[in-house]
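This report concerns only the one structure given below.
Protein chains: 2
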Amino acid sequence: MASRRTYRLLCPIARALDRVGDRWTLLILRDLHAGPARFTELQQGLPGLASNLLTSRLRQLQDDGLVRHEPGQHGTQLYELTKEGDATAPLLYALGNYGSRFEPADDIRRPGNLRTIVVNLRESLRRVVVPEDDAHVELVVDGESFAVRIEGGGVTVRYQADPEAPASIAMDYEPLIDVVDGRMPPDRFMAEHVVVTGSQRAAMAYFAVVGRTLTAEG
Amino acid sequence: MASRRTYRLLCPIARALDRVGDRWTLLILRDLHAGPARFTELQQGLPGLASNLLTSRLRQLQDDGLVRHEPGQHGTQLYELTKEGDATAPLLYALGNYGSRFEPADDIRRPGNLRTIVVNLRESLRRVVVPEDDAHVELVVDGESFAVRIEGGGVTVRYQADPEAPASIAMDYEPLIDVVDGRMPPDRFMAEHVVVTGSQRAAMAYFAVVGRTLTAEG
DNA sequence: CGGGATCCGTTACGATACTG
DNA sequence: CAGTATCGTAACGGATCCCG
Chain A
326 MASRRTYRLL CPIARALDRV GDRWTLLILR DLHAGPARFT ELQQGLPGLA SNLLTSRLRQ
386 LQDDGLVRHE PGQHGTQLYE LTKEGDATAP LLYALGNYGS RFEPADDIRR PGNLRTIVVN
446 LRESLRRVVV PEDDAHVELV VDGESFAVRI EGGGVTVRYQ ADPEAPASIA MDYEPLIDVV
506 DGRMPPDRFM AEHVVVTGSQ RAAMAYFAVV GRTLTAEG
Chain B
326 MASRRTYRLL CPIARALDRV GDRWTLLILR DLHAGPARFT ELQQGLPGLA SNLLTSRLRQ
386 LQDDGLVRHE PGQHGTQLYE LTKEGDATAP LLYALGNYGS RFEPADDIRR PGNLRTIVVN
446 LRESLRRVVV PEDDAHVELV VDGESFAVRI EGGGVTVRYQ ADPEAPASIA MDYEPLIDVV
506 DGRMPPDRFM AEHVVVTGSQ RAAMAYFAVV GRTLTAEG
């Protein structure tokens, strides 16, 4: 029983799809790149995903070694990526990069959740960062905070507030997606949709790096 | 009717999956990267894919602008990638790269077909080639030929014979996958599974480039 | 024979309800 | 909160049939 539907082809692409090709699976992984999450958090961020399916997908991901299930702090359960699961980052980046060439349908305004930002932003920054770059800011998107640090050629993005960051950069999700997708010019985005508080210098250091991701080839 | 199942999320990853996330779709695209193909060719290379599903997938891909359908030479029909479809190459490369970390099940020996080689090989080479590289060989895998040219920093791989290539390099598919996946050391692969005919120098020029793809980070 | 369309049984998905 | 159970619907897979 439960003999999963697989392609059974001797091709690396087919073998990857046997692990991550089912409906919802890549979106679950996408959200887990923002850090460990509970069952209910995942479900809330993925509207339309039934609880039984989420159970099934998480079990599959655990069987394949992409996700680990650990008891959390006070009786809670947390799902988190294993090393194998974390290695899906370049794949998700390529997917997001490809998807940005298609306009969203007019009536779609739901981010689903903001965890989606982490893997895209982190991988984008990683591809343009140089060892000399140095930035530390808090990003606030639709009121939710992300801690971004760039130093020594490395990039970390966490889905959590960062009161110690010298600058805070606030924006809404929808214009952010518009500029990432290339539908809004960066200068207009900066002028109309971004609010910086705190150190302007710190914010500029961040913008210098993130600006490179926009001009870099798709 | 036909109101497709979509995620309806304002996230580039979800939008990509709305186009290429259905079962078989990415494998069909994979094969089309080797060049235009007929309905039956595609079906033969994808064991288990029913003809009605292939029809449905091809129609979807056309509606989304990834595939074009043109009357071929003598009454035949050819499906080929559009520019948007061709842009899935980095995505398929990332998938293949990720899939190579999972061992195939013991009883899987079917390549499905050899078109699968083209997009993987081409994208791998493109990532390591430098303008000084210059190579021209014919690859023969399980008896089927691929023309490989590297020059001026560009790479082309075609699924066709190339009698004018100064060197021909023959191998079987299964050991090729083993070395790509990292289960077989390259030197053993070269010693036991590769047969070069023609110019040794031309073959060496190719091996110099392809060797870099194996040591390059996954 | 290539290029599908039709039919039908099986599996997967999606929504809701329910439980420890 | 974190799932399990149930059930109707949609998608898939295999076979057969049709048409130029």
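Chains A and B, in that order, are what the protein sequence lines are.
Each residue of the first sequence is one higher than the one before, starting from 326 at the first, in my numbering.
Each residue of the second sequence is one higher than the one before, starting from 326 at the first, in my numbering.
Glycine included, every Cβ here is placed at the ideal spot set by N, Cα and C.
As the structure is a prediction and not an experimental result, all values here were calculated from the model.
Around the beta carbon of Ala-516(B), fewer than 16 other beta carbons sit within 10 angstroms, so the residue counts as exposed.
Annotated as proximal: Ser-493(A) and Val-462(A), with beta-carbon spacing under 8 Å. In the displayed model, Val-519(A) falls within coil according to three-state DSSP, outside both helix and strand. For Glu-463(B), the uninterrupted beta strand (DSSP E) segment begins and ends at 459 to 466.
Within its own chain, the residues whose Cβ lies closer than 6 Å to the Cβ of Pro-361(B), once the five positions on either side in sequence are excluded, are Leu-403, Glu-405, listed in chain order. Think of a sphere of 7 Å around the beta carbon of Tyr-423(B): the chain A residues whose beta carbon falls inside it are Ala-341, Ala-412, Thr-413, Leu-416, in chain order. Shortest Cα-Cα distance from Pro-372(A) to any of Ser-376(B), Asp-356(B), Thr-331(B) involves Thr-331(B). Between Leu-335(A) and chain B, the shortest Cβ-Cβ separation is below 8 Å.
A contact is defined here as three or more CB-CB pairs under 8 Å, and the segment 434 to 449 of chain B meets this definition with respect to the segment 474 to 486 of chain B.
Per the C-alpha coordinates, the member of Ala-527(A), Thr-522(A), Arg-340(A), Gly-523(A) positioned closest to Pro-429(B) is Arg-340(A). A straight line joining the alpha-carbon of Ile-353(A) with that of Leu-367(A) spans about 7 Å. When DSSP reads this structure, Ile-494(B) sits in a beta bridge with Leu-464(B), Val-521(B). Nearest to Glu-469(B) by alpha-carbon distance, out of Asp-497(B), Gln-387(B), Glu-409(B), is Asp-497(B). Taken atom to atom, the span from the alpha-carbon of Leu-501(A) to that of Phe-514(A) is near 8 Å. At a cut-off of 8 Å between beta carbons, Asp-506(A) contacts chain B. Identification of chain A residues near Ala-419(B) by a Cβ-Cβ cut-off of 7 Å yields Pro-415, Leu-416, Ala-419, ordered along the chain.
In this structure, DSSP gives Thr-407(B) a state outside helix and strand, which the three-state scheme calls coil.
Going by DSSP, Ile-338(B) is part of no beta strand (DSSP E) but of the alpha helix (DSSP H) stretching over 337 to 345. The beta-bridge partner set that DSSP reports for Ala-359(B) is empty. A Cβ-Cβ separation of about 5 Å places Val-453(B) in contact with Thr-538(B) under the 8 Å criterion. Within the segment 357 to 386 of chain B, those residues whose Cβ lies closer than 9 Å to any Cβ of chain A are, in chain order, Leu-371, Pro-372, Gly-373.
Contact between Gly-523(B) and Pro-488(B) does not hold, since the beta-carbon distance rounds to 11 Å and is not under 8 Å. Straight across, the Cα-Cα distance linking Cys-336(A) with Val-473(A) is about 37 Å. With respect to the C-alpha of Arg-426(A), the residue from His-518(B), Gly-410(B), Met-509(B) having the closest C-alpha is Gly-410(B). Secondary structure at Pro-511(B): helix, using DSSP grouped into helix, strand and coil. DSSP places Ser-381(A) in the uninterrupted alpha helix (DSSP H) bounded by 376 to 388. In the DSSP assignment, Ser-449(A) falls within the unbroken alpha helix (DSSP H) covering 441 to 451. Using beta-carbon distances, Thr-441(A) counts as an interface residue toward chain B, with a partner under 8 Å.
The criterion of a C-beta distance shorter than 8 Å is not satisfied by Leu-386(A) and Thr-413(A).
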